[in-house]
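Visitor: Chains as they are written, first to last, in this note's numbering: chain R, 1 to 321; chain L, 1 to 335; chain Z, 1 to 319. Ideal Cβ positions, reconstructed from N, Cα and C, are used throughout, including at glycine. Keep in mind that this is a model prediction, so the values were computed, not measured.
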Amino acid sequence: MNEPVVPLVESRDVSVHFSRWVGSRRRTVYALDDFSIAVAPGETVGLVGESGCGKSTAGRALLGAVKLTKGQVLFEGRDVTNLSRRNWRAMRKQVQMIFQDPYSALNPKLKVGESIAEPFLVHTRKRGKELEAAVAELLETVGMTASAADKYPHAFSGGQRQRIVIARALALHPGFVVADEATAALDVSIQAQIVNLLVELKESVGLSYLFISHNLAVVRHVSDRVAIMYLGHLMEIGSHHDIYENPTHPYSQALLSAVPVPDPTTRGDHEPLKGDLPSPMDPPKGCRFNTRCPLAVEQCFEERPPLRERSSGHLVACWVN
Amino acid sequence: MSATGGDGRTERLLEVKDLTVGFPTRDGTVLGVDGLTLNVGSHERLGVVGESGSGKSVMGLAILGMVLPPGRIMGGSVRWKGENVLDEAVANRVRGREIAMIFQDPMVSLNPLKTVGAQLRELLQRRVGLQGRAIKQRSLELLDMVGIANPGDRLKSYAFELSGGMRQRVMIATALACDPTLLIADEPTTGLDVTIQDQILTLLHNLSTELGVSVLMITHDLGVVAQFCDRVQVMYAGRIVERAPIAQMFADPQHPYSGGLLRSVPRVDRAATELAGIPGEPLDRAQFPPGCAFEPRCGEAHDTCRGAPPPLVKIAERRWVACYNRPGEAGETST
Amino acid sequence: MTAVENPMDPADGAGTGDAAPPESVTVMAELRSHLWKSKAGISGIVICSLFVLAAVAGPWLPLIKDPTKQSLPDRLTPPVGWGGTWAHPLGTDQLGRDILARLIDGARISLLVSVTAVIIAAVLGTVLGLIAGYMGGKIDTLIVSAADVQMAFPGVLAGLILVAAFGPSVWLVIIVIAISSWMVFTRVGRGLVFTLKTSLYVEASELAGASSRRIMWRHLLPNLVSSLITLCVLELAAAILSESAFAFLGFGVQPPRSSWGLMIQQGRNYVTGDGWWIVTFAGMAIAIVVLGVNLLSLWLQSFNDVAEREQIVLERPGG
């Protein structure tokens, strides 16, 4: 994205470290390091990586839901890193989140309508009939009937619950939505419905997404730009085309070739990436991918490669490729 | 991974016929698996693919005569090389020896209180009858076979000390300890990271080729099926709706559900196209229509579909479909 | 130990999977059908209902005498079967008062004290538990330390001190019992909140900008209620015992009103000889009611577990 548009949301060199007790020792988890990303209005940025790569932490950092160790988050060009509680509350209307597990994302003791109404009750003066109408409209927006409002979540399947979660996220017309593995828990036939719904809503409501997923195929389907993360570091970021047609980082290449394609004609011999993911409590020095990288040279073990622009908007953090 | 194999002239190992598993509920008995027929030949990798609630996991356990109570096997037969596996004595002899099973979560089959070495030792003593030094040697060999580096050190590890991929490898090693002829793998890579899944699938593929082990791969992932299996059966609501060699299934699915499923999966190797999805929601087992269970979600349904469930019929060589819109060759119903 | 030997995979159970469970079965119907199958539940309900009936309607029941009416000529009449008459089915005490009438009057006190004390303890304890669990940090440390101190402090001693300061009364007993059991609710509530507050719906609510009060009240509390009700019933049994103990020690209700603990205290001089029935019937009343309440809580607990287990089976995604 090169246009001089002010990004809707931007993070600059954000790091999130936290400490955790392991046995009797306090260890630091390096969840996210120097994470910089910008999401333009109307854009969907896919954030891909395996477990422990910090993608969920990154999403929460952009929403101000985790404490930053370092760096800034900007919303519409305004630094919101150290906003007071009151100002954050106002910000809250603009950013929302959709979760992986639709089973735990809805309070089982509240009727669906009550869950969806919560953002209105917190931020607006809508009450009574007006509120009911707003809830009904939201339910219809996500493809459900208004009568769903009077039922409890247990009456709905996973896909329907995810629709309800989306309705709640849309209540206050946010500009920016973080979808954290929003379709991971769903069956494929339902996943397709939800993916289509998210794409439709982007157009009709005018949303920007940070679409966090481990599923490269879904990300390819929904994203304008894609960022690939490994152990808290951004490895490669570029347009949809850059990443899928011309992956440059050895990790991106390995990741893409590891995905089983639902087409037996694509079978071919490829060498799976060796080794396990290192622990984010004990990340390797230098490039974090060096323990598994088939191309690693001495420099990779010494110094962290910076993200360098290869072509317009295509950034890669690798000494070799 | 090799190209499509399995030419249909292999020896039949496992023959399941009309297997029915019921679960009593307050709304009456609900069938988790309904009249399921399946054959696995030697040196074959058969995929069973279905979404949640399709009964595929229940099927995996029922084949070995294991159904979690209160569920029970209500009918049908399971034959292993001609012997009735539903007979407890036969099952005890076959289970874990000739037919081994691996699960999605290795922690359910690995003992958290014993080291990997201790578990393998127990297994090799009791099941295989190895003694003394042979045990250690075989344990090391097994771990080496599943691609575990430093097998000597790993023998001293507990399951919780291992990563997810490593645990899955250990579970595969325990499953291979008795030289099984068939491995039933129930979602063996679900929940693993994609690069680790790739490792495990490649390992399973190589092992099945090298050791000549047949694999019954139960999964929800069409990608896994496409890359791993020779033949595939699609399950919906406890029944097989389509059975075909792998290439034909993906090139030309016949059942509307199989087609819908394939059009629902986004592909990593292709630019975005519209995902079709399948309208509606999977039904609750207790509310099944009397006819085809897919009928409420099917775009091609007509009156006949609401009558009785369509039988699985042969429509071409090695191709079977349970759909009234795909009439089969006369007189050929499920074998 | 092969994989095969462990068919513990709970995956897709009855195959309900992603499909929505039928809504026809309400919680109340479920509760009833579960009750009929449980002998403990039925016994508990019957005992507790009789207890409550006696306490509430006792004085208006036919044939029940005035519990305070003394009649020295009738003193220490044995119960029916041991030489007594149907005029005093359970006999009379040392002042000729009808034992049955006094037991029923005592039930009133027991119920009043235990229920009031448990309600106070539950409200106070739950609120503190919610705050400690949700807020964490210094507030949590403070509340937990207070609970620990209270846990270690003997209730009888607290009672003694308060009686010394304010003189004996029923309200005092209620307060003493309440302050010696609130921390049970705090601890359990806090533990539950620790798990609940990591659920996504709480995070969603926080992201929506909801206040802490709102999250505690709307999201956490309703999910605590079923567990805490079971705990209330359990604490009720303990409170009935405490009330008797305090009455026995003379801290609580004063004569001529009666209480089971007081009856035991007054009857203990006669226990070996000519008035064994006073202590016996009061003691039996305590034992039976406590047993009944415990059975009830046991059943509630098992019902909660079953409900939760079913919930898990029905709602488990994937498989």
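Could you give the distance in angstroms between the alpha-carbon of Z:V123 and the alpha-carbon of R:A105?
Guide: In a straight line, the C-alpha of Z:V123 is about 28 Å away from that of R:A105.
Visitor: Grab me the residues of R:C300's own chain with a C-beta within less than 6 Å of its C-beta, minus the 5 sequence neighbours each way, in chain order.
Guide: Excluding positions up to five away in sequence, the list reads G286, C287, N290, W319.
Visitor: When we look at the beta-carbon of L:L19 and count the other beta-carbons within 10 Å, is it buried (16 or more) or exposed?
Guide: L:L19 comes out buried.
Visitor: Considering only the alpha carbon of each residue, which of L:P69, L:V170, L:I102 lies closest to L:K114?
Guide: Nearest option by C-alpha distance: L:V170.
Visitor: Of all Cβ atoms in chain R, is any one closer than 7 Å to the Cβ of Z:A29?
Guide: No, Z:A29 does not count as interfacial toward chain R.
Visitor: Identify, in the order they occur along the chain, each residue of the same chain with its Cβ nearer than 8 Å to the Cβ of R:K151, setting aside the five sequence neighbours on each side.
Guide: Result list for R:K151: K111, V112, in chain order.
Visitor: Can you name the residues that DSSP bridges to L:G22?
Guide: DSSP lists L:L31, L:R72 as partners of L:G22.
Visitor: Mind checking whether R:P102 and R:Q162 have CB atoms under 7 Å apart?
Guide: Yes, the pair counts as a contact, with Cβ atoms nearer than the cut-off.
Visitor: Of all the residues that make up the stretch 103-126 of chain R, which are near chain Z by a beta-carbon distance shorter than 9 Å?
Guide: Within the stretch 103-126 of chain R, the qualifying residues are Y103, S104, A105, L106, N107, P108, K109, L110, E114, S115, E118, P119, L121, V122, H123.
Visitor: Please identify the residue among Z:L103, Z:V184, Z:R108 whose C-alpha is closest to the C-alpha of Z:I143.
Guide: Of the candidates Z:L103, Z:V184, Z:R108, the one whose C-alpha sits nearest the C-alpha of Z:I143 is Z:V184.
Visitor: Taking the alpha-carbon positions, what's the L:E300 to L:D230 distance?
Guide: If I take the Cα positions, the gap works out to 29 Å.
Visitor: Please work out which residues of its chain come closer than 7 Å, Cβ to Cβ, to R:A185, disregarding the five sequence neighbours upstream and downstream, and give them in chain order.
Guide: Taken in chain order, the residues that qualify are Q100, D101, P102, G158.
Visitor: In angstroms, rounded to a whole number, what distance separates the CA positions of Z:S199 and Z:E243?
Guide: Between Z:S199 and Z:E243, the C-alpha separation is close to 40 Å.
Visitor: Under a three-way DSSP split, which group does L:N84 fall into?
Guide: Strand.
Visitor: Roughly how many angstroms lie between the CA atoms of R:L216 and R:A171, to the nearest whole one?
Guide: Computed Cα separation, rounded: 29 Å.
Visitor: Any residues in the stretch 58-77 of chain R with a beta carbon nearer than 8 Å to a beta carbon of chain Z? Which ones, in chain order?
Guide: Per Cβ criterion, the list reads L63, A65.
Visitor: Is it the case that the Cβ atoms of R:Y251 and R:M229 are separated by a distance below 7 Å?
Guide: No, the pair does not count as a contact, with Cβ atoms beyond the cut-off.
Visitor: Can a CB atom of chain L be found closer than 7 Å to the CB of R:Q253?
Guide: Taking Cβ atoms only, chain L never reaches closer than 7 Å to R:Q253, which makes this a no.
Visitor: Which complete beta strand (DSSP E) runs does the stretch 71-154 of chain R hold, if anything under 3 residues is left out?
Guide: Entirely contained in the stretch 71-154 of chain R, the beta strand (DSSP E) runs reaching 3 residues are, in chain order, 95-98.
Visitor: What number of angstroms, rounded off, separates the C-alpha of Z:G137 from the C-alpha of Z:L298?
Guide: One C-alpha to the other measures close to 34 Å.
Visitor: From Z:A54 to Z:I104, what does the alpha carbon distance come to, in whole angstroms?
Guide: Using only the alpha carbons, I get a separation of about 6 Å.
Visitor: Our contact map puts L:S363 next to L:L275 with C-beta atoms below 8 Å; I'd like the distance itself, whole angstroms only.
Guide: This structure does not reach residue 363 of chain L, given that chain L is present from 1 up to 335, and the question cannot be answered.
Visitor: Verify the CB distance criterion: does R:L216 have a CB-CB separation below 7 Å to chain L?
Guide: Taking Cβ atoms only, chain L reaches closer than 7 Å to R:L216, which makes this a yes.
Visitor: Applying a beta-carbon distance threshold of less than 9 Å, which residues of chain Z neighbour R:Q191?
Guide: Chain Z residues near R:Q191: none, gap ~11 Å exceeds 9 Å.
Visitor: Would you decide whether L:D198 is buried or exposed? Buried here means 16 or more other CB atoms lie within 10 Å of its CB.
Guide: With 16 or more Cβ atoms within 10 Å of its Cβ, L:D198 is classed as buried.
Visitor: Across the stretch 73-83 of chain R and the stretch 3-13 of chain R, are there enough close Cβ pairs to call them in contact, namely three or more that are closer than 8 Å?
Guide: Segments in contact, yes.
Visitor: Are the C-beta atoms of R:S204 and some chain L residue less than 7 Å apart?
Guide: Output row for R:S204: interface = no.
Visitor: Tell me which residue opens and which closes the alpha helix (DSSP H) that L:E210 is part of.
Guide: That run of the alpha helix (DSSP H) goes 194-211.
Visitor: Rounded to the nearest angstrom, what separates Z:T43 and Z:V188 at their Cα positions?
Guide: Rather than Thr, the amino acid found at residue 43 of chain Z in this sequence is Ser. Their backbone Cα atoms lie some 27 Å apart in a straight line.
Visitor: For R:R168, return the contacting residues in chain Z, with the cut-off set at a CB-CB distance below 9 Å.
Guide: Correct list: A204, A208.
Visitor: Quick one: residues in its chain with C-beta nearer than 6 Å to the C-beta of L:R121, no 5 flanking neighbours on either side, listed in chain order?
Guide: Excluding sequence neighbours, L:R121 sits near I135.
Visitor: Excluding the five sequence neighbours on either side, which residues of its own chain have a C-beta within less than 7 Å of the C-beta of L:L24, listed in chain order?
Guide: The question names Leu, but residue 24 of chain L in the sequence shown is Pro. Only P70 meet the Cβ criterion.
Visitor: DSSP has R:V316 in a bridge; who is on the other side?
Guide: Paired residues: R:E236, R:R308.
Visitor: List the residues of chain R whose Cβ lies closer than 7 Å to the Cβ of Z:Y134, in chain order.
Guide: Result: empty, since nearest Cβ-Cβ is about 14 Å, beyond 7 Å.
Visitor: Taking beta-carbon pairs under 7 Å, can you tell me which members of the stretch 88-104 of chain R lie near chain A?
Guide: In the structure shown, chain A cannot be found, because the protein chains are R, L and Z.
Visitor: Do the stretch 72-90 of chain Z and the stretch 104-117 of chain Z make contact, defined as three or more Cβ pairs closer than 8 Å?
Guide: No, the stretch 72-90 of chain Z is not in contact with the stretch 104-117 of chain Z.
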